[in-house]
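Asker: Going down the list, the sequences are from chains A and B.
Counted from 1, the first sequence has number 214 at position 214 by this note's numbering; the numbering is strictly sequential.
In this note's numbering, each residue's number is its place in the second sequence (first place is 1) plus 216.
Note that the Cβ used here is the ideal one computed from N, Cα and C, for glycine as well.
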Amino acid sequence: MRKILLQRLGAALIYFMAGAAAAEAPAFDYATAAKEPAPEILSSIRKMQDVELLRGEFKQRKNLKILKQPFLSNGWFIFSRNDGLYWEITEPLPGAYLIGKKGIRPAAGSSGTSVDSPFADGVGRMFSSIMGARLEELESYFDIYYRSLGSRWQLGLKPRNSRIATFMSGIEITGGRYIDTIRIVEGGGDTTEITFTAVTEELPDGLASRYFNAQQ
Amino acid sequence: MFYGWSILVAALLAVAACFVLRGIQVDTNILNLLPGAERDPLIVAAIEKHSGNFSRNVAFLISAPTETDSQQAALRAGQLARESGLFTEIMDRVNESQGAGLYRFYLPYRASLLSAQDSRLLAQHEYGRLENKVLNAIAAPVPGFNASMLEQDPLLLYTRFLSGFAPQAGRLKLHNGMLTAEHDKFYHTLVSAMIEGDAFALDYQEKFQQFYGNLAATLRNEYPAATLTSVGMIHNTTAGTVRAKREISAISGVSMVGLVLLFVFGFRSLKPLVYALIPMNVGIAAAFVACIAAFGSIHIMTLVFGTSLIGVCMDYALHFFSELAYHRPTLSPRHCLDRILPGMTLGMITSVVGYTAFYTTGSPGLQQMALFSSTGLIAAYCCVVFWFPRLPALKTTGADNTSAVLSQKILAFWDHGNKSRTPLALAAITLVTAVGIGLADVDDNIRSLDNSPSRLHTDSLRFQDITGISPSSQFFVVTGDAPEAVLEREEKLADSLNTAIASGYLREFRATSNYIPSAARQRANYQAARAGIETVAAALSRIGYQPEVIARYRALYAKPEPEILDFERWHEAKIVPDLQWLESASGKYASLVYLAGVENIEPVLAAARGMEGVRYIDQVEGISNALMKYRQLTNKMVLAAYALILLILTWRYGFKRAASVLLPPLLAAASAFALCGFIGQPLTLFNSLAILLVLGLGIDYTIFMAETRGDRTVTMVGILYSTVTTVLAFGLLAFSGTPALKSIGITVFCGITMTLLLAPLAKPDNDNAPTMNQYRA
Numbered sequence: 001m002r003k004i005l006l007q008r009l010g011a012a013l014i015y016f017m018a019g020a021a022a023a024e025a026p027a028f029d030y031a032t033a034a035k036e037p038a039p040e041i042l043s044s045i046r047k048m049q050d051v052e053l054l055r056g057e058f059k060q061r062k063n064l065k066i067l068k069q070p071f072l073s074n075g076w077f078i079f080s081r082n083d084g085l086y087w088e089i090t091e092p093l094p095g096a097y098l099i100g101k102k103g104i105r106p107a108a109g110s111s112g113t114s115v116d117s118p119f120a121d122g123v124g125r126m127f128s129s130i131m132g133a134r135l136e137e138l139e140s141y142f143d144i145y146y147r148s149l150g151s152r153w154q155l156g157l158k159p160r161n162s163r164i165a166t167f168m169s170g171i172e173i174t175g176g177r178y179i180d181t182i183r184i185v186e187g188g189g190d191t192t193e194i195t196f197t198a199v200t201e202e203l204p205d206g207l208a209s210r211y212f213n214a215q216q
Numbered sequence: 217m218f219y220g221w222s223i224l225v226a227a228l229l230a231v232a233a234c235f236v237l238r239g240i241q242v243d244t245n246i247l248n249l250l251p252g253a254e255r256d257p258l259i260v261a262a263i264e265k266h267s268g269n270f271s272r273n274v275a276f277l278i279s280a281p282t283e284t285d286s287q288q289a290a291l292r293a294g295q296l297a298r299e300s301g302l303f304t305e306i307m308d309r310v311n312e313s314q315g316a317g318l319y320r321f322y323l324p325y326r327a328s329l330l331s332a333q334d335s336r337l338l339a340q341h342e343y344g345r346l347e348n349k350v351l352n353a354i355a356a357p358v359p360g361f362n363a364s365m366l367e368q369d370p371l372l373l374y375t376r377f378l379s380g381f382a383p384q385a386g387r388l389k390l391h392n393g394m395l396t397a398e399h400d401k402f403y404h405t406l407v408s409a410m411i412e413g414d415a416f417a418l419d420y421q422e423k424f425q426q427f428y429g430n431l432a433a434t435l436r437n438e439y440p441a442a443t444l445t446s447v448g449m450i451h452n453t454t455a456g457t458v459r460a461k462r463e464i465s466a467i468s469g470v471s472m473v474g475l476v477l478l479f480v481f482g483f484r485s486l487k488p489l490v491y492a493l494i495p496m497n498v499g500i501a502a503a504f505v506a507c508i509a510a511f512g513s514i515h516i517m518t519l520v521f522g523t524s525l526i527g528v529c530m531d532y533a534l535h536f537f538s539e540l541a542y543h544r545p546t547l548s549p550r551h552c553l554d555r556i557l558p559g560m561t562l563g564m565i566t567s568v569v570g571y572t573a574f575y576t577t578g579s580p581g582l583q584q585m586a587l588f589s590s591t592g593l594i595a596a597y598c599c600v601v602f603w604f605p606r607l608p609a610l611k612t613t614g615a616d617n618t619s620a621v622l623s624q625k626i627l628a629f630w631d632h633g634n635k636s637r638t639p640l641a642l643a644a645i646t647l648v649t650a651v652g653i654g655l656a657d658v659d660d661n662i663r664s665l666d667n668s669p670s671r672l673h674t675d676s677l678r679f680q681d682i683t684g685i686s687p688s689s690q691f692f693v694v695t696g697d698a699p700e701a702v703l704e705r706e707e708k709l710a711d712s713l714n715t716a717i718a719s720g721y722l723r724e725f726r727a728t729s730n731y732i733p734s735a736a737r738q739r740a741n742y743q744a745a746r747a748g749i750e751t752v753a754a755a756l757s758r759i760g761y762q763p764e765v766i767a768r769y770r771a772l773y774a775k776p777e778p779e780i781l782d783f784e785r786w787h788e789a790k791i792v793p794d795l796q797w798l799e800s801a802s803g804k805y806a807s808l809v810y811l812a813g814v815e816n817i818e819p820v821l822a823a824a825r826g827m828e829g830v831r832y833i834d835q836v837e838g839i840s841n842a843l844m845k846y847r848q849l850t851n852k853m854v855l856a857a858y859a860l861i862l863l864i865l866t867w868r869y870g871f872k873r874a875a876s877v878l879l880p881p882l883l884a885a886a887s888a889f890a891l892c893g894f895i896g897q898p899l900t901l902f903n904s905l906a907i908l909l910v911l912g913l914g915i916d917y918t919i920f921m922a923e924t925r926g927d928r929t930v931t932m933v934g935i936l937y938s939t940v941t942t943v944l945a946f947g948l949l950a951f952s953g954t955p956a957l958k959s960i961g962i963t964v965f966c967g968i969t970m971t972l973l974l975a976p977l978a979k980p981d982n983d984n985a986p987t988m989n990q991y992r993a
């Protein structure tokens with residue numbers, strides 16, 4: 001029990017870290033977006049929610065002011081509606097993570113070091129909700145704005161909660177059948193853009209369970 | 217003599233009153249009973265600090281089907297706790313300003329602050345691994361930090377130093393600023409606090425109970441879906457008080473009624489009861505004064521058992537009144553006293569001499585008990601001898617026949633014409649006793665003495681199951697003459713504990729040096745980082761940092777010596793709750809290093825063995841060991857006391873009769889152990905202490921039997937009365953729900969009843985049993 005007493009210190013710290021940066025408005029134009037989803041957006045999101053398994057590749061581009069150039073990385077992922085997200089970075093440095101309800105942690109046996117991030121857990125859960133297009137879960141943290149782009153759609157997430165707002169000013173998600181890009185606008189104008197390619201529901205038998213069950 | 221003794225008693229009472237007014241120190245630490253118990257006051261203080269922390273902690277876990285409900289209800293609970301004013305350190309939601317303060321506090325010293333792992337990596341020039349950590353962190357799909365943090369801390373060294381402050385709280389994760397776990401489709405949120413009061417204080421317990429009832433009711437009303445589970449010592453002490461109150465009213469009620477009935481039927485008057493209490497109370501006062509004068513304080517166990525032992529003197533009075541009742545008006549009080557005086561005197565001497573064995577043990581507990589009981593007995597003896605002949609007249613005309621008849625039957629059983637009956641009966645009893653003792657188990661685990669209701673036990677298991685947090689009783693105490701020495705020693709210990717964690721022997725530990733590294737360690741950290749500055753700068757450039765970020769990092773290490781965060785400054789800033797650090801009055805320092813998730817303690821201890829100023833403490837094991845040693849010691853001393861008594865009796869009666877006087881209490885004591893074996897009640901220290909009581913009382917029974925000339929039924933009636941009083945006073949404890957008291961009760965009940973039944977064995981061989989008719993007249 002006493003550990004918890006000490007825990008409060010660490011926890012307090014997190015909020016300082018969270019508060020260390022100012023928020024900035026993302027590029028998504030919230031003013032013209034709808035607060036209620038158009039039926040076609042809703043139906044394609046519902047379809048996404050039914051997806052059991054998904055595999056694809058990703059490219060991540062981080063634009064951080066303190067870096068001279070954008071930081072690029074890429075890899076592949078498996079998303080499982082039940083088990084969460086397996087995320088493997090292949091370049092520039094190999095590492096793999098499991099992201100889900102229990103937060104984010106390095107996958108067993110991967111060379112990825114643990115994420116020394118105080119908000120990894122909360123953000124991990126959020127990330128997993130985004131990949132599964134689980135609007136209900138997202139709604140407890142964000143106001144969601146909708147925009148139709150023909151056969152495609154865009155969501156803008158604005159933190160409802162001042163705690164989240166201190167380190168993240170918004171998230172933009174673009175998709176069609178599946179999610180194409182996620183753009184996280186952090187404090188100070190830094191952004192993280194993740195682009196998905198070669199996304200498919202076709203997975204060799206047992207592939208998903210190999211990655212998720214290995215973690216049990 | 218009457219007046220002389222009266223003046224002495226008056227003086228005694230005056231001294232006792234002075235002691236009470238000045239304030240008495242009652243020692244409740246069971247470890248202090250042992251010879252060679254912890255003498256180092258610093259270690260004792262550290263253990264007390266731990267016990268204080270432990271007993272003040274209380275946790276509320278609020279469970280609900282949704283996270284929102286669980287957290288909202290938890291916030292409400294936190295609010296109620298704050299409003300009650302009964303708690304400090306209430307932690308429901310994290311306080312942001314406190315965290316910001318922490319970050320700012322350490323920031324100026326960050327050049328010399330490193331996590332244990334980074335400290336090692338830098339010392340071993342593992343710059344590549346540090347670089348990879350940064351790359352990993354930036355590449356990770358979720359942001360763990362933001363740019364302004366990397367700006368101040370491009371290698372993430374300071375971030376990792378600070379994240380060492382947040383150990384994993386079992387399965388609880390921080391979400392929305394609250395510690396929450398998901399388990400079995402429910403969300404559980406923790407609110408923890410320290411009680412602002414003493415968990416053992418009755419008035420605090422009452423307030424707490426009121427608060428808790430109110431909290432449960434409020435949550436039931438406002439959050440019907442939420443359930444409340446709470447753990448903490450305060451729940452156990454409160455439940456203990458409730459149970460004790462119930463038991464005391466039930467057991468002492470029965471006991472009082474029984475005593476009154478005994479006197480009303482036995483002596484047709486309550487006056488003897490009142491008179492009988494006089495020597496006992498004078499005895500207790502004398503014993504108390506002697507103990508305080510000799511030891512300066514008194515141990516709670518001395519008080520409990522010493523008082524019981526002095527209860528023997530109640531028996532002197534009972535014998536006196538039995539004589540008086542059966543011989544009135546033929547015998548004057550003076551003559552009655554003369555009849556019982558030899559038995560009384562010998563009984564008193566044997567007991568006092570018997571206890572001398574205890575002085576040799578070096579056990580403060582047993583020594584106190586011996587002094588307490590001896591002094592008390594002598595004083596009570598003097599009261600009977602000097603005061604009773606002068607008592608105002610008693611109207612105890614006639615005596616009840618039932619006790620006489622019963623006494624006769626017991627006497628007649630052993631005084632039967634059949635020569636083989638006695639050896640046969642004894643053989644049978646011995647055999648049964650031997651079997652019972654063979655079946656008896658020994659249990660010294662302090663946890664077995666825990667009498668908490670099963671509801672609390674279930675709650676604490678549920679709490680541990682959900683949160684993965686269990687109360688810790690294992691810790692190291694690190695001592696030193698100055699804070700710096702303690703911190704340096706702690707760091708040495710921490711290095712070995714980190715190795716143990718890597719080997720899976722341990723999940724984590726908490727040390728003060730996590731928060732304030734020693735000055736030596738800070739210097740070493742700084743120099744290690746400074747030595748690698750060129751390599752690190754190249755790595756930072758490879759990662760892609762802007763030149764000004766790298767320049768700022770270099771500037772941190774410009775000076776040849778770092779700015780040291782000194783202990784005093786840190787301590788005054790009260791960065792962590794003051795739970796692990798203490799300073800003794802003599803200017804020495806100690807810190808508690810807590811262990812959690814211990815899988816295998818042996819390698820951990822082996823690694824720490826021989827480290828200067830480092831001591832390992834396991835509270836549960838320590839107390840259990842103390843109980844075991846104390847039990848064994850008590851058993852030995854009981855045997856030694858028997859041996860001494862045998863010597864005195866041999867001097868008076870010759871060996872054969874001395875043995876026959878000693879046999880009944882000895883056999884009775886053994887049979888009490890045997891009963892525990894038969895009913896599956898494990899033997900504890902408390903059985904052994906109760907055996908002491910059986911011996912102290914029992915030897916008097918047989919001595920009175922042996923000293924009586926002719927009229928043995930009256931003696932037997934006196935013994936019968938003392939048996940009934942003893943059973944009423946202690947035997948009824950057998951029905952207690954408190955394991956320690958139950959052990960005492962069963963042992964005394966069985967032991968003293970058996971002594972009564974066996975007492976006639978002590979009578980002289982050549983004596984004829986008196987007949988019933990003598991008393992009918």
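Does B:G760 come within less than 7 Å of chain A when only Cβ atoms are used?
Answerer: Residue contact with chain A for B:G760: present (Cβ-Cβ distance below 7 Å to some residue of chain A).
Asker: Quick check on the DSSP output: the alpha helix (DSSP H) that includes B:Q583 runs from which residue to which?
Answerer: P580 to W603
Asker: Determine, for B:A650, whether the minimum Cβ-Cβ distance to residues of chain A falls below 7 Å.
Answerer: no
Asker: Measuring only the C-alpha atoms, how far is B:L865 from B:S938?
Answerer: 22 Å
Asker: Tell me where the alpha helix (DSSP H) around B:G570 begins and ends.
Answerer: Looking at the DSSP string, the run of the alpha helix (DSSP H) that includes B:G570 is P549 to Y575.
Asker: How many angstroms separate the CA atom of B:N903 from the CA atom of B:V568?
Answerer: 21 Å
Asker: Output the boundary residues of the alpha helix (DSSP H) element that contains B:Q897.
Answerer: Here B:Q897 belongs to no alpha helix (DSSP H), and DSSP marks it neither H nor E.
Asker: Counting along the chain, where does the alpha helix (DSSP H) carrying B:H535 start and finish?
Answerer: It spans V528 to H543 - the alpha helix (DSSP H) in which B:H535 sits, taken as one unbroken run.
Asker: Taking Cβ to Cβ, would you say B:R737 is nearer than 7 Å to B:E707?
Answerer: Yes, these two residues count as a Cβ contact at 7 Å.
Asker: Within 7 Å of any Cβ in chain A, is that where the Cβ of B:N352 sits?
Answerer: So, interface residue.
Asker: Tell me whether B:W867 is buried or exposed, calling it buried when 16 or more other Cβ atoms sit within 10 Å of its Cβ.
Answerer: exposed
Asker: Along the chain, where does the alpha helix (DSSP H) that runs through B:D369 open and close?
Answerer: Unbroken run through B:D369: none, as it is neither H nor E.
Asker: Please identify, using Cβ separations under 8 Å, the residues of the stretch 84-110 of chain A that lie next to chain B, in order along the chain.
Answerer: W87, I89, P92, L93, G95, Y97, I99, K101, K102, G103 and I104
Asker: Applying the criterion that 16 or more other CB atoms from any shown protein chain within 10 Å of the CB defines a buried residue, is B:C599 buried or exposed?
Answerer: buried
Asker: If the cut-off is 7 Å on Cβ atoms, which residues from the stretch 34-51 of chain A count as contacting chain B, listed in chain order?
Answerer: none
Asker: Going by beta carbon distance, what residues of the same chain come within less than 6 Å of B:L713, once the five residues before and after it are set aside?
Answerer: F725
Asker: For my contact list, B:I662 and B:S840 are in at a C-beta cut-off of 8 Å; report their separation, rounded to the angstrom.
Answerer: 5 Å
Asker: Return the residue from the list B:Y319, B:Y322 and B:A509 that minimises the CA-CA distance to B:I240.
Answerer: B:A509
Asker: Cutting at 7 Å between CB atoms, please list the residues of its own chain near B:T638, excluding the five before and the five after it.
Answerer: W630
Asker: Which residue's Cα is closest to the Cα of B:L908: B:I968, B:I935, B:S952 and B:G893?
Answerer: B:I968
Asker: Which two residues bound the contiguous beta strand (DSSP E) that contains B:F692?
Answerer: Q690 to G696
Asker: Quick one: is A:L67 near chain B, going by C-beta distance under 7 Å?
Answerer: Closer than 7 Å to the CB of A:L67 there is at least one CB belonging to chain B.
Asker: Starting from the Cα of A:T166, find the closest Cα among A:G176, A:L157 and A:G187 and give me that residue.
Answerer: Residue A:G187 is the option with its Cα nearest to A:T166.
Asker: Whole angstroms are fine: how far does the CA of B:S876 sit from the CA of B:Q990?
Answerer: Bear in mind that the predicted position of B:Q990 carries a pLDDT of just 42, short of 50, making it unreliable; the figure below should be weighed with that in mind. Distance between B:Q990 and B:S876, taken at the CA atoms: about 27 Å.
Asker: Roughly how many angstroms lie between the CA atoms of B:A643 and B:T649, to the nearest whole one?
Answerer: 10 Å
Asker: Going by the beta-carbon positions, is the gap between B:L798 and B:A275 smaller than 7 Å?
Answerer: no
Asker: Can the beta-carbon of B:L722 be found closer than 7 Å to that of B:V814?
Answerer: yes
Asker: With distances taken from CA atoms, which of B:A754, B:P793, B:V792 and B:E750 is nearest B:A774?
Answerer: B:E750
Asker: So is A:F71 in contact with chain B if we call contact Cβ pairs under 7 Å?
Answerer: yes
Asker: Consider the Cβ of B:N348: report whether some Cβ of chain A lies at a distance smaller than 7 Å.
Answerer: yes
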